[in-house]
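Just so you know, the numbering used here puts 131 at position 131 of the sequence shown, and the rest follows in order with no gaps.
Positions of the beta carbon are idealized from the N, C-alpha and C atoms, including for glycine.
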Amino acid sequence: MFAATTSRMARTLSRRVPSSSPSATTTTMNNTAAVARSGGARRNMGGGAHWMEVSPHHTMAGEVCGFFTWIWVFYRAKHDLPVVLGLRHPWEHGEDPWAIHDHVDNLEELQQNWEDFNEKATRPGEDDDDDDDD
């Protein structure tokens, strides 16, 4: 089977020998000149290499979006870079800016008010909220 395939391929290749007619060489020379003019690539479809033209509004919108993207990247790096570099663990959170610190006035009173509110809110059956408005 292999011998039959190779002999068939040899016959096919022998039939494709270019003829020495003048029209064949002229066509070949024209094709090589066209390939040389196009920078080494032969184009079969219309058009050519051209850059995409974008309106100034879209260019500005792209720059604004890129600016905000980089701002976001730097913001995340500010908060997460020590974790990424291995300088601290992710579960070791930084300082909470909304945490109640010791410099709050009447801290004990605030905590007691919260506990009283929590106690009243969790008792079922005592719905005296309407009476408070009087």
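Exercise. Distance, Cα to Cα, V83 vs H89?
Worked result: 6 Å
Problem set entry | Identity of the residue in H79, L107, G86, Q112 nearest E95 by Cα | H79
Problem set entry | Euclidean distance between Cα positions of A121 and F67 | Straight-line Cα distance between these residues: approximately 49 Å.
Exercise. Expressed to the nearest angstrom, what Euclidean distance is found between the alpha-carbon atoms of A99 and N118?
Worked result: 20 Å
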